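What follows is a short report on a single structure.
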Amino acid sequence: MNSFDHVYHELCKEILAAGQEKDDRTNTGTLSKFGHQMRFNLAEGFPLLTTKKVSFKLLATELIWFIKGDTNIRYLLQYNNNIWNEWAFKKWIESDDYTGPDMTDFGHRSLSDAAFNEQYKEQLAIFKERVLTDDAFMSKYGDLGNVYGKQWRHFETKNRVTDQLKDVVENIKTNPSSRRHIVSAWNPGEIDTMALPPCHTLFQFYVQDGRLSCQLYQRSADVFLGVPFNIASYSLLTYLVAKECELEVGEFVHTLGDAHIYSNHLEAVKEQLSRNSYEPPRLEILSDKSLFDIEYEDLAIKNYEAHPAIKAPIAV
Numbered sequence: 001m002n003s004f005d006h007v008y009h010e011l012c013k014e015i016l017a018a019g020q021e022k023d024d025r026t027n028t029g030t031l032s033k034f035g036h037q038m039r040f041n042l043a044e045g046f047p048l049l050t051t052k053k054v055s056f057k058l059l060a061t062e063l064i065w066f067i068k069g070d071t072n073i074r075y076l077l078q079y080n081n082n083i084w085n086e087w088a089f090k091k092w093i094e095s096d097d098y099t100g101p102d103m104t105d106f107g108h109r110s111l112s113d114a115a116f117n118e119q120y121k122e123q124l125a126i127f128k129e130r131v132l133t134d135d136a137f138m139s140k141y142g143d144l145g146n147v148y149g150k151q152w153r154h155f156e157t158k159n160r161v162t163d164q165l166k167d168v169v170e171n172i173k174t175n176p177s178s179r180r181h182i183v184s185a186w187n188p189g190e191i192d193t194m195a196l197p198p199c200h201t202l203f204q205f206y207v208q209d210g211r212l213s214c215q216l217y218q219r220s221a222d223v224f225l226g227v228p229f230n231i232a233s234y235s236l237l238t239y240l241v242a243k244e245c246e247l248e249v250g251e252f253v254h255t256l257g258d259a260h261i262y263s264n265h266l267e268a269v270k271e272q273l274s275r276n277s278y279e280p281p282r283l284e285i286l287s288d289k290s291l292f293d294i295e296y297e298d299l300a301i302k303n304y305e306a307h308p309a310i311k312a313p314i315a316v
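This is the structure:
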């Protein structure tokens, strides 16, 4: 098994074997472990898991959305990226402007009620179309508040606004040995303004021997659905920042706080663990654009062979 899939599988096995049953905000229930670290040597390839297919397009367009400082899902929907829809949709169906059928607790009801699921899909399709075509609706209901992109590029404190990502890139270039190459998405004064408080809360870059490494601290980790995306997303960020700073890539270190498998993901995890891996793919950056101007079309994944995706419900 390749080293990337192996490290991830070991995390899953540990939680299945020794995880503690724990309630959660979504009322789904989890098996949980507190405190875990994974290391990925990016010299060995790009850590896109192969024991289930992970969509590079989805994670790359989300990362570019963060880098742009964007917080509205229109950009994502333009790439058919639906991973943030539920939080924006929830804001609409709980508003006085919504006049459709009752969508209360849509995340759970759509899984167990086929008739309701059809209604849900109809209302979500209406919502997405309006976000894409109606500027006023998009501004009001497509925005997720002060989530990742806002904090990376426009972090507000009482007396100033900081472009953390721009500053950290400049600091890597001018003072690579610094221990202060940090970007934080956790802004205590703005948590209440976010559709979802940041799960991946803080990352730090480290330069040694001409190589750039990145460590992410993730306070809450949905191991089956979220973590494979997070691994690849922050590895991609490491590649992009390394290129911007004329460095090679080193390691991606992934430190997890509450690492959990949702109770309705257990069988999916076991299915993934039954599979053998393929060789990891390679990332190609096809443009000399700045990190801050990069688009999805400037990136390519080569030689990606993977087992089929495994579907599982998202907890909202």
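Numbering (UniProt numbering), first residue to last: 1 to 316.
Where is the CB? At the ideal position from N, CA and C, for every residue including glycine.
Please read these numbers as outputs of a predicted model, since none were measured by experiment.
query: For Lys91, the three-state DSSP class (helix, strand or coil); result: helix
query: Delimiting residues of the beta strand (DSSP E) encompassing Phe34; result: Thr30 to Asn41
query: Residue range of the unbroken alpha helix (DSSP H) whose run includes Gly149; result: Tyr148 to Arg153
query: Nonlocal neighbours in the same chain, by C-beta distance under 7 Å from Glu44, ignoring five residues either side; result: Ser3 and Pro280
query: Cβ separation of Leu76 and Ser235, assumed to be a contact under 8 Å, to the nearest whole Å; result: About 20 Å separates the two Cβ atoms, so there is no contact after all.
query: Beta-carbon contacts of Ala60 that lie in its chain and below 7 Å, excluding the five residues immediately before and after; result: Leu236, Tyr296 and Leu299
query: First and last residue of the uninterrupted alpha helix (DSSP H) at Ser112; result: Phe106 to Ser112
query: Distance, Tyr120 Cα to Lys13 Cα; result: 35 Å
query: Cβ-Cβ distance between Phe259 and Lys33 below 8 Å; result: It is worth fixing the name first, because residue 259 is Ala in this sequence and not Phe. Cβ distance < 8 Å, so Ala259 and Lys33 count as in contact.
query: Where the beta strand (DSSP E) through Val183 begins and ends; result: Ile182 to Ser184
query: C-alpha gap between Thr104 and Lys243, whole angstroms; result: 46 Å
query: For Lys57, the three-state DSSP class (helix, strand or coil); result: helix
query: Chain C contact for Ala312 (CB, 8 Å cutoff); result: Annotation note: the requested chain C is absent from the structure, which comprises a single protein chain.
query: Counted within 10 angstroms of its Cβ, other Cβ atoms place Asn146 as buried (16 or more) or exposed; result: buried
query: Cross-strand partners of Ile301 (DSSP beta bridge); result: Leu283
query: Spatially closest choice to Ile15 from Phe292, Thr133 and His36, by CA coordinates; result: His36
query: Met38 vs Leu63 beta-carbon contact at 8 Å; result: no
query: Ala259 - partner residues in DSSP beta bridges; result: Lys33 and Ala221
query: Contact check, Gly149 vs Phe66, beta carbons under 8 Å; result: yes
query: Coil, strand or helix - Phe137 by DSSP; result: helix
query: Asn72 beta carbon less than 8 Å from that of Asp143; result: yes
query: Thr201 vs Ser178 beta-carbon contact at 8 Å; result: no
query: Contact set for Gln164: own chain, Cβ-Cβ below 6 Å, skip 5 residues either direction; result: Trp152, Phe155 and Val183
query: Range of the contiguous alpha helix (DSSP H) that encloses Tyr75; result: Arg74 to Gln78
query: Tyr278 in three-state terms, based on DSSP; result: coil
query: Residue from Lys52, Ser290 and Trp186 with nearest C-alpha to Tyr278; result: Lys52
query: Helix, strand or coil at Lys52 according to DSSP, with G and I counted as helix; result: coil
query: Whole runs of the alpha helix (DSSP H) within the stretch 158 to 219, excluding any shorter than 4 residues; result: 164 to 174
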